[in-house]
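Protein chains in written order, with our numbering: chain R, 1 to 817; chain Z, 1001 to 1179.
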């Protein structure tokens, strides 16, 4: 690093975003109104699986104020089906944003109505009559794989993908194992992080210039336009996407491109009038995107005498709902954290993804890795309990050791840094481990059920899109990149634009901190553009905000652009001040920031430099004509294409880690689990803004606690979604959220320029931790926690009904001589 | 696709001014100290009135079912969820929205404290939370942990895990008490 200034990076700088958000002046997509705008409402399927016999829109169209309607049959000949990322036969799926012949999940859009006001659009949508012929729904992934009821006839199967990830010598490890633990079934439930702001799209297909304009809150616009351009048969440069303030995404808003397509098509039909679609909460719950549900079958774990895991084999079945869409990337993304935080070298995971008649899944905070990390934490805890080894000791025996970093995993991922034993020690200290152990023993004597659980997890950030080739060798994606622009504008203002698409992560603030250190000025003097805009021309095909990467990809791009600008400023100042470049110092004068010639006692301020380049350029000699003070920089991750046959290669740049401990008591009468104490310890390498990092940790912790105890997407046997409102889904509130004790360590990443690791998703640590604590509370009664979601009902069924979680049925221990 | 475009154009209906089937109802409200007289459809919710008719977009909609509190405003001094009140029910009322928390262009004390304590991330829930805080502190200047939790039980935040919001409300209470 050339600039060693650390005046601003590392400080809890107040966020630049606050000024507008606190005043209610945030600009969210639903706040935008455009002249001549129409309102779109979807007509959605009440059935999970049915053939569409007839769509009659005539009554809706007869309603005054209704401008038109749109059906799947109408858009099919105008568009190409969406790109499928997966290989044959699922590549044959014909995915349109409005159902054409069949509906495949409850809530699937069948038609759209356009009206002069939102309430008229509501009224009209109820007048659209759709005749259906019911088909057998399949809501369970393992059942779906029997292909008795097929969702997509063109694919001919419900299986999206299958692949075996095998490393080391599994057979040998099992032959030599001192003990083997068999676990019949584990299940990670379906939930969604449900951003508080629903999806919103305003789309206009402007006939004046044949461009499509979007004002929306999609969180991965550069990906969306790749899908939309191909789908809508329009050159990609004619699609402009702008985002502004976004009310949370957590990955879910990556998946709004089908609705974006409908808005464009509807606008075209309405002669170019802008179309606004504002999702209702029930639409969001039933038909936006959920997180992946996953079942872990026939797990076998080989261990040595001391409880060190030497091999794991297992069969994983992932449920992606009715359309694979962003999937089947989830079929490989979990393998970024293949061994979790553990040292075992031998493993075979047979991974299959299936479609079911449920809402399509999409990236959701901790996407695809949290399911796998939960599985590994369950394995570790179940083995520990079977072998009578304390949970903390079991982990210490199996953790990757601090001196082993950078650590290459069996599948070729390189963990940059970490110190899991130290995090465990800090967490134990913060929670008062020994005291809780004593209290727990006392409580047990009184018949109270208190459990202590540990969850260790990883938040892998900045992913290698080459992993897509493991799923489909023809997928044209690899590497990762991000763009940024840093300029000195005409009056000397420093203006930064990034290709990210923030939703509360404070990118304006941290980007300003980085640039402030490069130029040695105050972040107050730096303005960072809000939101995303394709016309800023700072995006690459990977630009967006997802997968815990801004601190690495985003800030590396910002840093690169700022360095470029700094170099140009220096060169120009040396010319103007008639000195050498190494004589130039970035300082502060009476009129603000300036560049000084140290030996000449002369200086020029930012306005002076910007003036020359922009509006006074006749003073510049030709050799200075390349100086623009408007510097675009594309940062590229140093990845290689993985070996797709061996499924081997580095899939992620940084590995932030989290270690949580929970103390939980299960009420003996009501079976309600209650958190008595909670600790979260985080390591995301060198911290850019500690207040922002701490906030992200708390947020991820709340999402995880909610997911573990309160939040689940429930379907009945025929595919009715039973949790379609917040009142049913019950997102965690202030009443349920315990006080979190926060600790952190910094193991700087050798892989990023600043030592920072991407963070924010949090790896669903509370889900692992709470499962562990509940098991600890109940194990003496022969119960194994086999599902990631647990509430009073589950615990009642396990403890009283003895219907589920019975260790003697689920787990078998084989001891070898 | 010239063929389809032409076809689409034929299927278009001309723009029309649509009068609602049910007559609009005249109401008068005072929002953030400013009086408004207007006629609204009886089915329009208070939050729609604020956002659409008065362009006060700081009040948000998150759940449509009175769970999340993103739409919280003060109605005659009491915090209400404006997605669960018809605009006509607010006739004659005094309403305060987030836009009314500023004092002479400066952040109000609750706004300032929320910022100082990093009590927001995406900021979507923040206006509602600040108004629930306002309501709490106008009745109780020494709220305990439980009082704070109860006061914002109806305000969902998906970003912050509530920790810094708890802190902000405690600090705000101290600053209110201290004058």
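Beta carbons: idealized from backbone N, C-alpha and C, even for Gly.
Can you tell me which of the three DSSP states residue i falls into?
i	result
residue 244 (chain R)	coil
residue 309 (chain R)	strand
residue 257 (chain R)	helix
residue 1179 (chain Z)	Any answer about residue 1179 (chain Z) is weak, because its pLDDT of 44 lies below 50 and its placement is not dependable; what the coordinates show is given next. Residue 1179 (chain Z): coil per DSSP, three-state reduction.
residue 799 (chain R)	helix
residue 1081 (chain Z)	strand
residue 172 (chain R)	helix
residue 776 (chain R)	helix
residue 527 (chain R)	strand
residue 1006 (chain Z)	Only weak support is given to the placement of residue 1006 (chain Z): the predicted model assigns it a pLDDT of 37, under 50, and the value that follows is read from those uncertain coordinates. Residue state, collapsed to three classes: helix.
residue 559 (chain R)	helix
residue 614 (chain R)	helix
residue 79 (chain R)	coil
residue 514 (chain R)	helix
residue 33 (chain R)	coil
residue 407 (chain R)	strand
residue 1128 (chain Z)	helix
residue 38 (chain R)	strand
From the beta carbon of residue i, is the nearest beta carbon of chain R less than 8 Å away?
i	result
residue 1172 (chain Z)	no
residue 1135 (chain Z)	no
residue 1089 (chain Z)	no
residue 1124 (chain Z)	yes
residue 1074 (chain Z)	no
residue 1099 (chain Z)	yes
residue 1036 (chain Z)	no
residue 1083 (chain Z)	no
Can you give me the start and stop residues for the alpha helix (DSSP H) that residue i sits inside?
i	result
residue 806 (chain R)	Residue 806 (chain R) -> no alpha helix (DSSP H), and no H or E assigned at all.
residue 701 (chain R)	690 to 709
residue 1112 (chain Z)	1109 to 1116
residue 303 (chain R)	That residue, residue 303 (chain R), is in no alpha helix (DSSP H); its beta strand (DSSP E) goes 293 to 303.
residue 554 (chain R)	It is not in any alpha helix (DSSP H) - residue 554 (chain R) carries neither H nor E in the DSSP assignment.
residue 62 (chain R)	58 to 62
residue 330 (chain R)	330 to 333
Who are residue i's beta bridge partners in DSSP?
i	result
residue 487 (chain R)	R:495, R:630
residue 787 (chain R)	R:187
residue 743 (chain R)	R:681
residue 459 (chain R)	R:656
residue 635 (chain R)	R:482
residue 165 (chain R)	R:349
residue 673 (chain R)	R:666
Starting from residue i, follow the beta strand (DSSP E) in both directions and report where the run begins and ends.
i	result
residue 655 (chain R)	652 to 666
residue 109 (chain R)	109 to 115
residue 211 (chain R)	211 to 216
residue 17 (chain R)	Counting along the chain, residue 17 (chain R) falls outside any beta strand (DSSP E), and DSSP gives it neither H nor E.
residue 70 (chain R)	66 to 71
residue 468 (chain R)	Counting along the chain, residue 468 (chain R) falls outside any beta strand (DSSP E), though it belongs to the alpha helix (DSSP H) covering 468 to 471.
residue 1036 (chain Z)	1034 to 1040
residue 277 (chain R)	275 to 278
Given that a residue counts as buried once 16 or more other Cβ atoms are within 10 Å of its Cβ, and exposed if not, what is residue i?
i	result
residue 490 (chain R)	exposed
residue 474 (chain R)	exposed
residue 689 (chain R)	buried
residue 164 (chain R)	exposed
residue 40 (chain R)	buried
residue 358 (chain R)	buried
residue 735 (chain R)	exposed
For residue i and chain Z, any beta-carbon pair shorter than 8 Å?
i	result
residue 17 (chain R)	yes
residue 528 (chain R)	no
residue 737 (chain R)	yes
residue 242 (chain R)	no
residue 119 (chain R)	yes
residue 42 (chain R)	no
residue 266 (chain R)	no
Quick check: is any heavy atom of the ligand NAP less than 7 Å from the C-beta of residue i?
i	result
residue 415 (chain R)	Among the components of this structure there are no ligands whatsoever, and the ligand NAP is therefore not found.
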